Ligand code: 5GP
């Protein structure tokens with residue numbers, strides 16, 4: 018069984034044997050997993066607990082990729098990655114896409130604190146011609162759904178042939194819009210989460226797992 022070193026927040030896989038006198042600093046894989054299940058982190062002024070592991074996220078991403086590869090076979094979609102939050106989801110998802118495609122990175126609304134902003138800004142960064150294309154919007158999370166609603170309006174104005182939505186996380190309890198979400202990785206209750214691209218006041222985007230706020 019491999020030994021894993023826990024040094025505060027970081028974990029490193031070690032190769033080779035470990036001197037016995039260092040043992041308090043190490044733990045077995047099983048106890049690491051137990052530690053992970055209860056792992057808590059502090060980001061700015063808030064505490065977060067582990068919610069979805071990188072492995073669970075990867076499964077969800079694979080499911081979305083599989084469905085897209087199946088449903089869009091023979092088409093050349095334009096993937097529209099909504100920055101900033103969707104960058105990690107998009108990176109993992111697009112590596113699993115087997116279709117000819119183009120990718121654009123776009124930006125819409127700002128989000129600060131732990132409540133969804135009601136102010137939705139204009140879409141910036143579309144470099145491709147949208148008219149007549151199959152567009153797939155790649156979004157990190159759909160909460161109230163208002164950000165996505167605005168995106169759909171803009172893409173319809175630009176005469177996309179069809180627009181599909183692929184969201185890693187969906188909060189049905191918070192959803193206030195009336196469109197269908199074509200591809201959903203994971204449905205969650207109405208909690209504030211961070212990690213895997215999602216931030217809290219600009220922090221925590223690089224975390225490989227997703228954490229939930231502890232009230
Ligand atoms: P909506 O317009 O659907 O309410 O919100 C969409 C945007 O709000 C997402 O793209 C994301 O940036 C942000 N957001 C919504 N819920 C959460 C959350 O639980 N955590 C984080 N970090 N951002 C969220």
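Residue numbers (the numbering used here): 18 to 232.
In this text, a Cβ means the ideal position worked out from N, Cα and C, and glycines have one as well.
Note that the coordinates shown come from a computational prediction; the quantities given were computed from them, not determined experimentally.
Around the Cβ of residue i, are there at least 16 other Cβ atoms within 10 angstroms (buried) or fewer (exposed)?
i: residue 61; result: exposed
i: residue 178; result: exposed
i: residue 39; result: With a pLDDT of only 38 at residue 39, under 50, the local geometry of the prediction cannot be trusted, and the value read off the model is given with reservation. Exposed is the call here.
i: residue 196; result: exposed
i: residue 219; result: exposed
i: residue 155; result: buried
i: residue 232; result: exposed
i: residue 186; result: buried
i: residue 180; result: buried
i: residue 157; result: buried
i: residue 75; result: exposed
i: residue 221; result: buried
When the distance is taken between beta carbons, is residue j closer than 7 Å to residue i?
i: residue 117; j: residue 153; result: no
i: residue 213; j: residue 198; result: no
i: residue 124; j: residue 162; result: no
i: residue 202; j: residue 103; result: no
i: residue 191; j: residue 160; result: yes
Original post:
Are there three or more Cβ pairs, one per stretch, closer than 8 Å when the region 201–211 is compared with the region 163–170?
Top reply: no
Original post:
Do the region 90–99 and the region 63–81 touch if we need at least three Cβ pairs shorter than 8 Å?
Top reply: no
Original post:
Contact between the region 138–147 and the region 77–89: three or more CB pairs below 8 Å?
Top reply: no
Subject >> Minimum length 4: unbroken alpha helix (DSSP H) runs contained in the region 148–189 >> reply: 163–174
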